[in-house]
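A quick write-up on the structure given underneath.
Number of protein chains: 2
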Amino acid sequence: MSAARRTDKSARRAEITAAAAAVFAQRGVAATAVSDIVKAAGVAQGTFYLYFKTKDEVVLAVVEEMAVGMVAAIEAAVHASGATAVDKLLGLRDVLTSFDADAGAVDLADFMHRPENRALHDRLAEIFTPALVPLVEGIVAQGVSEGVFDVPDVSAAAWFVLGGLQSAELAGTPAAQMPAAIETATTLALRALGYQEATR
Amino acid sequence: MSAARRTDKSARRAEITAAAAAVFAQRGVAATAVSDIVKAAGVAQGTFYLYFKTKDEVVLAVVEEMAVGMVAAIEAAVHASGATAVDKLLGLRDVLTSFDADAGAVDLADFMHRPENRALHDRLAEIFTPALVPLVEGIVAQGVSEGVFDVPDVSAAAWFVLGGLQSAELAGTPAAQMPAAIETATTLALRALGYQEATR
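Chains A and B supply the protein sequences, listed in that same order.
Position one of the first sequence corresponds to residue 1 (the working numbering), numbered consecutively onward.
Position one of the second sequence corresponds to residue 1001 (the working numbering), numbered consecutively onward.
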């Protein structure tokens, strides 16, 4: 296959994935049929099946795309130059809560939390967690060097913060209530890191 | 089936499960064959297959048995009369670390953390987490009424503590290093709850 042909194929796949994401956000994942996706993408049903065997496969592609986009947005927000460690952690919180407040993401999150969609959920976590760990480790290490965090072990503290943030999900919090839950968890995480509001 | 016969069957199943647990602890799960289990249980191979279709099924039974036993031990330790909330949380930590230090449990934990044994791992979490949540909620509420914890939301704080304790597992900590990791996570959890050592 030529390079141009390959680019073409991957561009077409991305177009269908983007169209699927838009339809999922509008109608919900469960109510969307492959026929709705091909209509939105402006391709023939047969073309869809060149790229995806089933609707489940395009859902997976949408989830992967979304996870990669979320990680990129978080990295951009966190690496805002000149920010303190606390600002960066609050920036992470803001990005997480803004994603969770997005209507399309809410439906997709609820969909992924159904027991039968466990594999999809795990795939998101597989992309998300390893990307966030070094980021949070960096924030914790910066906070320690700034003298606002005080932890026995930077890596363990980073995992603890991520585990704590994930607890809202562990608790089965409905997606619509996630922003508030993440807000609460962030407050607890800052305390766990030894941060004292008064010293700010 | 008569009541006596039923008791007999379930007693026999429990005997085989207990024998399997002992052999797993001794030889490791992977190295144990059904023939080793029947030998230890003193039953015929055919008898084994009346109760379990595969070795995997008896591994699941051992895990379920262990989870129920762990929950019972934790409840007993935590409900020790007269203990303060902080003592109870440290009691929970002690039970968790003692389980993790047990050689048989270490092998079973490593076995469950293999990607292909995800279902087994999830089954343990399904028994464990719902049992621990009300327990930790009770401890947090007690600490708030004792004036040593200060949290915005008892339930969210309880989930946060559990999420934080689970982070050691999320981090892929080898079972042998789990006791130390749980120790660290407990220190962070106490701080997240607003506990100040000095006020103790």
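Note that the Cβ used here is the ideal one computed from N, Cα and C, for glycine as well.
C-alpha gap between residue i and residue j, whole angstroms
{"i": "Ser-10(A)", "j": "Ala-1176(B)", "result": "45 Å"}
{"i": "Ile-37(A)", "j": "Glu-15(A)", "result": "11 Å"}
{"i": "Asp-1008(B)", "j": "Ala-1018(B)", "result": "15 Å"}
{"i": "Arg-1200(B)", "j": "Gln-196(A)", "result": "Low confidence applies here, because Arg-1200(B) scores a pLDDT of 40, under 50, leaving its location unreliable; read the following figure in that light. In a straight line, the C-alpha of Arg-1200(B) is about 18 Å away from that of Gln-196(A)."}
{"i": "Ala-1125(B)", "j": "Thr-1054(B)", "result": "22 Å"}
{"i": "Leu-108(A)", "j": "Val-68(A)", "result": "15 Å"}
{"i": "Ala-73(A)", "j": "Leu-92(A)", "result": "9 Å"}
{"i": "Glu-1116(B)", "j": "Gly-82(A)", "result": "44 Å"}
{"i": "Val-1133(B)", "j": "Leu-120(A)", "result": "26 Å"}
{"i": "Phe-1024(B)", "j": "Phe-99(A)", "result": "45 Å"}
{"i": "Ala-1105(B)", "j": "Val-1043(B)", "result": "25 Å"}
{"i": "Thr-1186(B)", "j": "Leu-1090(B)", "result": "8 Å"}
{"i": "Phe-52(A)", "j": "Gly-1194(B)", "result": "50 Å"}
Whole-Å CB distance - residue i paired with residue j, under 8 Å assumed
{"i": "Val-1161(B)", "j": "Ala-1131(B)", "result": "About 15 Å; that fails the 8 Å criterion."}
{"i": "Thr-129(A)", "j": "Leu-1170(B)", "result": "7 Å"}
{"i": "Val-62(A)", "j": "Val-148(A)", "result": "38 Å between Cβ atoms; not a contact."}
{"i": "Arg-191(A)", "j": "Ala-1192(B)", "result": "5 Å"}
{"i": "Ala-984(B)", "j": "Ala-181(A)", "result": "The requested residue 984(B) is not part of the displayed model; chain B covers only 1001 to 1200."}
Cβ of residue i within 9 Å of any chain B Cβ
{"i": "Gly-143(A)", "result": "no"}
{"i": "Val-71(A)", "result": "no"}
{"i": "Ala-187(A)", "result": "Ala is not the amino acid found at residue 187(A); the sequence shown has Thr there. Cβ-Cβ to chain B under 9 Å: yes for Thr-187(A)."}
{"i": "Arg-118(A)", "result": "yes"}
{"i": "Ser-155(A)", "result": "yes"}
{"i": "Phe-160(A)", "result": "yes"}
{"i": "Val-133(A)", "result": "yes"}
{"i": "Gly-164(A)", "result": "yes"}
{"i": "Thr-184(A)", "result": "yes"}
Neighbour flag for residue i against chain A, beta carbons, 9 Å
{"i": "Ala-1171(B)", "result": "yes"}
{"i": "Arg-1093(B)", "result": "no"}
{"i": "Ala-1080(B)", "result": "no"}
{"i": "Gly-1028(B)", "result": "no"}
{"i": "Arg-1191(B)", "result": "yes"}
{"i": "Ala-1109(B)", "result": "no"}
{"i": "Leu-1089(B)", "result": "no"}
{"i": "Ser-1098(B)", "result": "no"}
{"i": "Val-1140(B)", "result": "no"}
{"i": "Pro-1152(B)", "result": "yes"}
Beta-carbon proximity of residue i to residue j, cut-off 9 Å
{"i": "Val-34(A)", "j": "Phe-48(A)", "result": "yes"}
{"i": "Ala-168(A)", "j": "Gly-1163(B)", "result": "yes"}
{"i": "Pro-1179(B)", "j": "Thr-1097(B)", "result": "yes"}
{"i": "Asp-1150(B)", "j": "Thr-184(A)", "result": "no"}
{"i": "Val-1058(B)", "j": "Phe-1111(B)", "result": "no"}
{"i": "Val-102(A)", "j": "Ala-77(A)", "result": "Residue identity check: residue 102(A) is Asp in the sequence provided, not Val. Contact flag unset, no."}
{"i": "Arg-1118(B)", "j": "Asp-122(A)", "result": "yes"}
{"i": "Ile-1127(B)", "j": "Glu-1064(B)", "result": "yes"}
{"i": "Thr-84(A)", "j": "Glu-137(A)", "result": "no"}
Any non-hydrogen atom of the ligand MG within 8 Å of residue i CB
{"i": "Asp-153(A)", "result": "What this structure holds is no ligand at all, so the ligand MG is not there to describe."}
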